[in-house]
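Residue numbers (full-length UniProt numbering): 1 to 317.
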């Protein structure tokens, strides 16, 4: 009735001075129609088909479903007992139209669908993908359990990177390949140069010792010739040094990853804090993407990269 009234009112607006009003009413009319179409109930067959498919799949697999019966969350456990959630959004023309599926995974979730497919076919494809990622998650689980992970603070199943503590003001960022989890991952050593350089030299010299039959963590110990601090040997607070400029550990999502290179100082900073500090010094200078200036603690030469340059190099920001 509301749309009919708007239509009648629209028909009598014939004067040019009402053009703006007419356009506004036209817009509201389109929005109202779209809202009514969106709220239109799905045919009964949609609900009966969905219930039948859920019964076939097993009600224990269903975590939640919205009031429109269009978005489902299905639970799945991999062989190691890890819980995974598959979100399925059904289109109005389901099953003729393929549903949208999403999950917290390190690889794209690609579902093969035909008009004859059912929920069970999506679920089985999801299980197969989980099985292919078992080794990847096993590698990261070992790192999470046996080292101090500085970043991410609360890793999800879809994240491939870990920044782990090696010592005071020294850490390593690893990026594990989900398709080849036991191969040498991308490595980035972070910290003062006098501490990082020996580790970098060992990594380059011992890379040939990498054994795909061993775990990533064990390989890293042998290649770097170190023992990683673990929850059984060290307190995490030992590695949570505050930024020397803002006096906090976490700046939004960033943690201190820049260190004064003077061995007698070694003060850590957030990259953003150090960049802004150095840029504000009258004596600072810039060479390409590198900014040089005095350390706010020891007055020795300190430097950092601009944010965009660090992003290109893959360093944490």
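Glycine included, every Cβ here is placed at the ideal spot set by N, Cα and C.
With respect to the beta strand (DSSP E) encompassing residue 236, which residues constitute its N-terminal and C-terminal limits?
Taken as a continuous stretch (DSSP letters only), residue 236 belongs to no beta strand (DSSP E), as it is neither H nor E.
Just to confirm, is the Cβ distance from residue 119 to residue 84 under 8 Å?
No; because the gap between Cβ atoms is not below 8 Å, this pair is not in contact.
Can you find the residues in the same chain that come closer than 6 Å, C-beta to C-beta, to residue 98, ignoring five residues on each side of it along the sequence?
113
Should residue 60 be labelled buried (16 or more other beta-carbon atoms within 10 Å of its own) or exposed?
exposed
Apply the 10 Å Cβ neighbour rule to residue 209 and answer buried if 16 or more other Cβ atoms are within range, or exposed otherwise.
exposed
Starting from the C-beta of residue 283, find all residues in its chain whose C-beta is less than 8 Å away, skip the five residues before and the five after it, and write them out in chain order.
Hits under 8 Å: 293 and 294.
Is it buried or exposed, residue 267, if we count other Cβ atoms within 10 angstroms and call 16 or more buried?
buried
So what's residue 308 in DSSP terms, helix, strand or just coil?
Low per-residue confidence applies at residue 308: pLDDT is 40, beneath 50, and the placement is therefore not dependable, though the value from the model is reported in the following sentence. Helix at residue 308.
How many angstroms separate the CA atom of residue 153 from the CA atom of residue 55?
39 Å
So residue 142 is in the alpha helix (DSSP H); what residue range does that whole segment cover?
134 to 146
Unbroken alpha helix (DSSP H) runs of length 4 or more, entirely within the segment 248 to 312: which are they?
271 to 279
I need the straight-line Cα distance from residue 224 to residue 170, nearest angstrom please.
Near 13 Å, if we compare the C-alpha coordinates of residue 170 and residue 224.
Can you tell me whether residue 270 is buried or exposed? The criterion is at least 16 other CB atoms within 10 Å of its CB, across all chains shown.
buried
Flag this pair as touching only if the segment 271 to 279 and the segment 204 to 219 have three or more C-beta atom pairs under 8 Å; answer yes or no.
The segment 271 to 279, when compared against the segment 204 to 219, does not touch it at the 8 Å Cβ threshold.
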